[in-house]
Amino acid sequence: MCGCLCTRVCKLCTRVLICAFAVCVLEEMQVCVCVPAYIPSGAGPREPREGIAQPIDRSTSKLAAKPQPSLISSQIDQSAIVHLQNLFSQFQRQYNQFVNVNQRRLGVVMCLCIAYGSAAITAAERLVATKFTHKYFLRNGKPRTVYDAHQVLLALTQRVTAINGAVRNHANQLSQMGDKALATATLRTESNLNLFNEQVAQLKKALDAEVAQRAKESEVQAEKIARLQDYVRNVDMQDSEALQKLCRGRERIADETKKLERTGVVVANTTSECGVRINEALKAETRARLEFEEEFKRTWSDSVNDYLKSVEEADRSIYKEQFAKINEALAALETHLEAGNTKIDKIITADVQSRRAHERGLLARAKELDDRVTKYILALKQTIDDFNASKRNVKLPTFDIDSVRREMESIAADKNKISMEGLLKLEEKMSGIQEAFMREKRDILSKVQSANEVERFEKLRTQFDKLNEIKDSMQSANEQLRDKIERQVPKDVRLQYSCGHPWALVGMMDVLEGGEGEVSLKLSDSDLENSGSQNGFKF
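Here it is as structure tokens:
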């Protein structure tokens, strides 16, 4: 006996194999000849029924026989169940016998383990640790047949005989060992036997639990099979009732179909007759409608043409009257405009003549004022030169500043009566006087500052103060003239345009608003009405 307890993987079912033969057959066979892990409980799958379902021929008779359900019989096959129970009890007895034999042989196996050392002990522990969980009684996922079980039993018998022979041989060898070796072997064997007893007890508990679980599963499967049979029975009854209803429905449908065929023939005949009548009526109605439409179109076109002619003649007469009134109004407007233009020309010529006479007077007064100021400045400069030459009995020139101021104020007050051209000339004249006065003032001031140490020049300073007053009055007069020019220029331009033609006022806006930095003026409706009322007509 080899006693190797080696493990291999089966080439057929890929399970782990444990060798317990006297000669290691795993090296040669490497197939499932190992100890089974457990015996599966429960019945195997049932073979399907053979045969072909024969349908009922319903074409021979209207009242067919009631179909009988032929799917699954409601009676349970008790013989198959009894046979499976017998097989299960037989396998269980064989398994119990095999377990008892193995328990008796474990003592001998442990003695052998002492000789082979710790490696054999670990192999034996691994053998027990598996708890025979290998599904030995399954082949390709299906339970083995009875023939396979007999083959397994024969293999087990051979294995037991081999173990008996090995035990005898080792017993002879043990008789030749010493007392000490026997004592140590006995101790080791007892310890290993205790371990094996514990593992066997655990294995027994596991097997009992597995048997109880399989019993419960078999009960559950039986309940499920009963429920499935009840469900199939109910479905068969429902199918039979549905088939009966379908048969009755077919008979009713056949009767209704015959009635509909007869009704269809009647309806087809009636429809053809009605179609002929309707077509004739539609043709007659179409001819009448076409005749009515043609007559209506003729009458409508005649009435529309007459109405358009009358409207056209009325419009022509109205337009003639309106054109005649417009021509009369235009002729009256032309005569009125000519009379207004003559009046405006007379008024403007008289106004221009009076303005020119007034302008000549103002310019003469400005020239006289310029002469007076010039004479006074020349006399003042001569006096300053005499002072610088240290002459004695030098008389200061007298100058009436109040009269000059009044004269300037009067000139500024009379600016409203001057035309645009006169205002420009007057402003130019006054600006020239002011510039000449400022120039002479600077000369006199320089001379006076050069003679600051002379006491007699105090009088000249008083005269210089008078010159400052004259400068201020001239500046105020020039500012008034500029304001007047800024307000007067747009009025004169408007007057100039209105003298030519009243409609020229519209073009005056472009002239007054076109330039940059110049005066901008916009004509309103009130200005046009005022200019028209002055000319003697209304817009």
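Residue numbers -34 to -1, 1 to 505, in mature numbering (1 follows the signal peptide of the UniProt record, and there is no 0), belong to the letters of the sequence shown in order. Ideal Cβ placement from N, Cα and C applies to all residues, glycine included.
MET396: buried (16+ other C-beta within 10 angstroms of its C-beta) or exposed? buried
In or out: THR349 buried (at least 16 other Cβ within 10 Å) or exposed? buried
Rounding to the nearest angstrom, what Cα-Cα distance links ARG216 and LEU209 in this structure? 10 angstroms
Return the CA-CA distance between LYS341 and MET374, expressed in angstroms with no decimal places. Answer to the nearest angstrom: the Cα atoms are 17 angstroms apart.
For ALA470, count neighbouring C-beta atoms within 10 Å of its own C-beta (all shown protein chains included) and say buried if the count is 16 or more, exposed if not. Note that ALA470 scores 40 on pLDDT, short of 50, meaning its location in the model is unreliable; the coordinates nonetheless yield the value given after this. By the neighbour-count rule (16 or more Cβ atoms within 10 Å), ALA470 is not buried but exposed.
Please determine, among ALA297, GLY398, LEU299, the residue with the shortest C-alpha to C-alpha distance to LEU335. GLY398
For the candidate residues ASN62, ARG326, ASN293, whose alpha-carbon lies nearest to that of VAL177? ASN62
Tell me which residues share the same chain as SER499 and place their Cβ nearer than 6 angstroms to its Cβ, disregarding the 5 neighbours each side in the sequence. A caution first: SER499 carries a pLDDT of 42, below 50, which makes its placement in the model unreliable, though a value can still be read off. Taken in chain order, the list of residues that qualify is empty.
Neighbourhood of GLN204 by C-beta distance below 6 angstroms, restricted to the same chain and skipping five residues each side: none
Would you decide whether CYS(-1) is buried or exposed? Buried here means 16 or more other CB atoms lie within 10 Å of its CB. At CYS(-1), the pLDDT of 39 sits below 50, so the modelled position is not reliable and the matter cannot be decided from this model.
Around the Cβ of ALA332, are there at least 16 other Cβ atoms within 10 angstroms (buried) or fewer (exposed)? buried
Answer with buried or exposed for LYS343, where buried requires no fewer than 16 other C-beta atoms within 10 angstroms of its C-beta. The amino acid at residue 343 is misidentified as Lys; the sequence shows Ile. Buried is the call here.
Between the alpha carbons of THR394 and ASP351, how many angstroms are there, rounded? With the sequence shown as reference, residue 394 is identified as Glu, and Thr is not the correct amino acid for it. Answer to the nearest angstrom: the Cα atoms are 31 angstroms apart.
In whole angstroms, give me the CA-to-CA distance for GLN60 and LEU120. The alpha-carbon separation between GLN60 and LEU120 amounts to approximately 12 angstroms.
Give the list of continuous alpha helix (DSSP H) stretches no shorter than 4 residues that lie fully inside the region 177 to 244. none
Whole-angstrom distance between GLU304 and TYR285, CA atom to CA atom: 29 angstroms
From GLU260 to LYS225, what does the alpha carbon distance come to, in whole angstroms? 52 angstroms
Using a 10 Å radius around the Cβ and a threshold of 16 neighbouring Cβ atoms, would you call GLU287 buried or exposed? exposed
Determine the direct distance from the alpha carbon of THR308 to that of SER376, and round the result to whole angstroms. 35 angstroms
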